[in-house]
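So the sequence shown is numbered by my numbering: it starts at 246 and just counts up by one.
Worksheet for the structure shown next.
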Amino acid sequence: MSLIQDVPKELKEFAEILDKIAYRHSSYNEVFSDFLDFTIACFLTTGDKELANRLQKKYGAEYKLFKELLQAYMSCQYGCIHSDTDWYDTLGIIYETIASRWKSSAMGQFFTPPSIVDLMVMFEQTHSKGQGKKVLDPCCGSGRMLVASHAKAPGNFQFGADIDPICTKMSAINMLVHGCVGEVSCMDSIAYEWRFGYKINTYLNSIGHPTLIKIEKFEDSYFYVKPTKAQTKAAPRGEFVPAKTEAKVLNNGQMSLF
């Protein structure tokens with residue numbers, strides 16, 4: 246069954262393309278997860294040829310639709326952000342729609358409504374407003390609290406963590422396109438069990454390009470342990486390669502492809 250009838254009108258184009266891919270190949274949650282991987286790979290400073298080859302082999306001619314899906318996503322984001330203090334969670338809405346419609350056990354999460362997020366951020370601003378503060382969400386979901394905090398009080402370092410890999414990737418992308426500078430990690434914030442993570446927009450202020458950098462456990466700002474020489478050598482920094490997607494940065498650091 247199509248997603249189109251269950252999403253807001255601004256998400257119709259995105260849902261239509263997602264429908265095309267899912268109809269021919271696999272379940273919606275699998276295609277959505279692959280789209281997150283595709284988007285992250287587009288903005289990784291080191292790229293991900295292995296992922297690109299895997300997706301090309303898996304989806305064949307429909308692989309090109311992932312680029313169209315990314316363009317539709319960015320178009321929706323841009324169309325729904327009308328001022329420097331706006332934010333919009335396209336990925337979170339799609340994720341919730343898939344989870345609720347098909348009652349997918351693999352995607353059974355629901356996120357804080359935007360109105361409640363804005364209210365909580367309003368209270369939080371008393372402590373984080375200004376430059377250089379650290380904002381932490383240890384169970385970040387799709388990253389709504391972090392992007393809303395950035396939209397209302399830009400200039401802080403945003404750190405998110407979530408035990409769910411899909412949520413972690415959504416947060417990374419959400420933070421990337423909203424112009425947040427920070428990190429997000431897939432980890433259990435209670436048990437301190439770490440899986441993977443990304444540095445977000447490290448180069449944004451210096452070169453203007455949105456970027457993601459994969460990090461190791463010892464590089465995580467929240468879960469930091471001093472690296473051994475062997476660990477440092479095992480995780481060298483790759484050369485910077487700008488994202489393949491043309492982008493421009495708005496006044497508050499949020500990104501537009503148009």
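Where a beta carbon is used, it is the ideal one built from N, C-alpha and C, also for glycine.
In terms of residues, what are the limits of the alpha helix (DSSP H) holding L315? Stepping through the sequence shown from its first residue, residue 315 is reached at position 70. Here the alpha helix (DSSP H) through L315 covers L310 to C325.
So which of Y437, I285, D264 and I326 has the shortest CA-CA distance to K459? Residue numbering aside, residue 459 sits at position 214 when the sequence shown is read from its first letter. Closest by alpha carbon: I285.
Would you report the Cα separation of A393 and F404, rounded to the nearest angstrom? The residue labelled residue 393 in the question sits at position 148 within the sequence shown. The residue labelled residue 404 in the question sits at position 159 within the sequence shown. Roughly 13 Å between the two C-alpha positions.
Can you give, in chain order, each stretch of the beta strand (DSSP E) that sits fully within the segment 363-409 and has at least 3 residues? 379-382 and 402-407
Simplified DSSP state of G427, which is helix, strand or coil: In the sequence shown, counting from the first residue as 1, residue 427 sits at position 182. It is a strand residue.
Return the first residue and the last residue of the alpha helix (DSSP H) that E438 is part of. Reading the sequence shown from its first residue, position 193 is the one you call residue 438. Counting along the chain, E438 falls outside any alpha helix (DSSP H), though it belongs to the beta strand (DSSP E) covering E438 to I445.
Rounding to the nearest angstrom, what Cα-Cα distance links G442 and T357 in this structure? Numbered from its first residue, the sequence shown carries residue 442 at position 197. Numbered from its first residue, the sequence shown carries residue 357 at position 112. Each residue's alpha carbon lies about 23 Å from the other.
Could you say which of H454, R440 and E341 lies nearest to N446 if we only look at CA atoms? Start at 1 with the first residue of the sequence shown, and residue 446 comes out as number 201. N446 has its Cα closest to that of H454, out of H454, R440 and E341.
Are there 16 or more other CB atoms within 10 angstroms of the CB of G337, so buried, or fewer, so exposed? Taking the first residue of the sequence shown as 1, we reach residue 337 at position 92. That one is buried.
Just to check my reading of the structure: C510 and S387 have Cβ atoms closer than 8 Å, yes? What is that Cβ distance to the nearest angstrom? Outside the shown range of the chain (246 to 503) lies residue 510, about which nothing can therefore be said.
Here's the rule I'm using: 16 or more other beta-carbon atoms within 10 Å means buried, otherwise exposed. How should S350 be labelled? Position 105 of the sequence shown, counted from the first residue, corresponds to residue 350. Confidence at S350 is low in this model, with a pLDDT of 47, below 50, so the placement of that residue is unreliable and no value is reported for it.
Leaving aside the five residues before and after I249 along the sequence, list all residues of the same chain whose C-beta is less than 7 Å from its C-beta, in chain order. Translated into positions along the sequence shown, residue 249 becomes position 4. Once the five neighbours on either side are set aside, the close Cβ partners of I249 are K257, A260, E261 and D264.
Is the distance from the Cβ of Y308 to the Cβ of L300 below 7 Å? Stepping through the sequence shown from its first residue, residue 308 is reached at position 63. Stepping through the sequence shown from its first residue, residue 300 is reached at position 55. Yes.
How would you call G427, buried or exposed, if buried means at least 16 neighbouring beta carbons within 10 angstroms? Within the sequence shown, the letter at position 182 stands for residue 427. By the 10 Å Cβ count, G427 comes out buried.
Do you know whose CA, among C384, S360 and T342, lies nearest I435's CA? Position 190 of the sequence shown holds residue 435. The candidate whose alpha carbon is nearest that of I435 is C384.
Straight-line Cα distance separating T335 from C325: In the sequence shown, the residue the question calls residue 325 occupies position 80. In the sequence shown, the residue the question calls residue 335 occupies position 90. Between C325 and T335, the C-alpha separation is close to 9 Å.
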